[in-house]
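Residue numbers (the working numbering): 72 to 431. Here a beta-carbon is modelled for each residue, glycine too, at the ideal position from N, C-alpha and C. See below for the structure under consideration.
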Amino acid sequence: MTNDDLAQILETSDGWIKSRTGIERRHIAGPGETTAQMAIEASRAALRVADVDPRDIDLVIVGTVTPNHIFPATACQVQDALGAVRAGAFDLNAVCSGFVYALVTGHQAIASGEHRLVLVVGADTMTKMVDWKDRSTCVLFGDGAAAVLLRASEGSAGVLATLLGSDGSGGDLLTVPAGGSAIPVSAETVERGLHYLRMDGQGVFRFATRVMAQATEQVVKKAGLKMQDIDLIIPHQANLRIISTAAKRLKLPMDRFVVNLQEYGNTSAASVPIGLCEAVESGRINSGQNLVLVSFGSGLTWAAVALRWGVTPSKAISPKYRIWWRWLLYRWAAIHRWLRQAPRRLMVRIIRTAEKQNGH
Ligand code: ACO
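The following block contains the structure:
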């Protein structure tokens, strides 16, 4: 959906959106398209690129605030659809920082020695939570998903330093007021539009411009590096002005930052991994380079990771027979799900019929 498309349904313009945010278009999930579906697609793509058997995955973490359901976790649906039969799975809610928080959590799970292979996904369908009549928020967001696989390794590449932050006092700056235990769903909450995302744009802007530069500086220092040692920064894609303010504060040129928000808008937890994947695919990231991933979001939350890139994915594309093998595993996962669900459903039906016959 382009800015001009939006201008057809709202009092806004391409000029306003572009000059205030840098966004030119965003991608919207179709009516039946869910966060889980996008997360599954992204995960399968990651498994293909890394040439990994889904049965080897130990843990699935999905950073999301737009899960398919409040529960079960979307990560469980991803685990099931992949046939990752040995894996634990959970969703992580840190809003736009969700992927970087999940990456840190996955890294720690490996560093503890408990797990060897962790699938980390960032996926959100924010366009299903915005009020399409509110021009101050709906123009900012798009939908997306991206995934990475973390593997234990003895090499010198990998995560160098991590940083997580939170300031709950700013929770009111960006929130979906109803639907939780504070304000449960009711006809009134629906009528008053309390299930839509609400934001104090300027408050978030001030917080974001401060925290993005600060978190980057802190994680680089923690990694024992200098800012000049960083080849590429992949920031959360919320607003071009936020990224350029961070660049100025860090005294770095803009070409040191990945910027793709003109194409996708703010995809929440998916924004950093989409930027990472695109930079890898375009050859902008090479083995041995130092990267910083940095994000901020509602909570308030922020997170940063300094890492040394150590793989060359273009050489790691799966051979054909492995692609077919995984395809078979995914079909088997669907059959397996059916085989487990069918007896449970049949049993419920038998019990209900028996109860009816006994007059209960
Ligand atoms: N089209 C035209 N006019 C608009 C639009 C629009 N889409 N939206 C707002 N306006 C108007 C306002 O009504 C206001 O008009 P007024 O002066 O007559 O009242 C005027 O434009 C200026 O509005 P501001 O809110 O002051 O605009 P600002 O320059 O602050 O930009 C923006 C707004 C883009 C939202 C900016 O504040 C921002 O990017 N904030 C950060 C938001 C963000 O990053 N959120 C995501 C966080 S990550 C997560 O957790 C999801």
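Distances from the CA of R408 to each of I314, M109 and A152 were compared; the closest alpha carbon is that of A152.
Around T260, the same chain offers A249, I254 and H266 as residues with beta carbons nearer than 7 Å, after the five sequence neighbours per side are excluded.
Just so you know, the alpha carbons of V175 and T233 end up roughly 7 Å apart. Contact annotation: the region 122-130 touches the region 396-416, with at least three C-beta pairs closer than 8 Å.
Note on Y172: 16 or more other CB atoms within 10 angstroms of its CB, so buried under the neighbour-count rule.
Taken from the Cβ of H266, every heavy atom of ligand 1 lies 8 Å or farther away. Rounded to the nearest whole angstrom, the C-alpha separation of R206 and E82 is 7 Å. In the structure shown, A194 falls within a strand segment according to DSSP collapsed to helix, strand and coil. In the structure shown, the three-state DSSP call for N74 is helix. Taking 8 Å as the cut-off, the C-beta of W87 counts as close to a heavy atom of ligand 1. In the three-state reduction of the DSSP assignment, L188 falls in the strand class, which pools E and B. Rounded to whole angstroms, the gap between the alpha carbons of A340 and D326 is 23 Å. Two segments are said to touch when three or more pairs of C-beta atoms, one from each, lie closer than 8 Å; by this definition the region 148-163 touches the region 113-121.
With contacts defined by Cβ atoms closer than 9 Å, G193 and S342 form a contacting pair. Contact between A110 and D129 does not hold, since their C-beta atoms are separated by about 18 Å, which reaches or exceeds 8 Å.
Taking C-beta separations shorter than 6 Å and ignoring five residues to either side along the sequence, the partners of T105 in its chain run N139, following chain order.
Under DSSP, I305 forms a beta bridge with L364. When the five nearest sequence neighbours on each side are left out, the beta carbons in the same chain lying within less than 7 Å of the beta carbon of R187 are those of D129, I181, R222 and A223, in order along the chain. Only residues of its own chain outside the window of five on either side were considered, and among them V136, L245, S339, A340, G368, S369, G370 and T372 have a CB closer than 8 Å to the CB of V166, listed in chain order. Separation of A228 and P306 (C-alpha to C-alpha, rounded to the nearest whole angstrom) is 20 Å.
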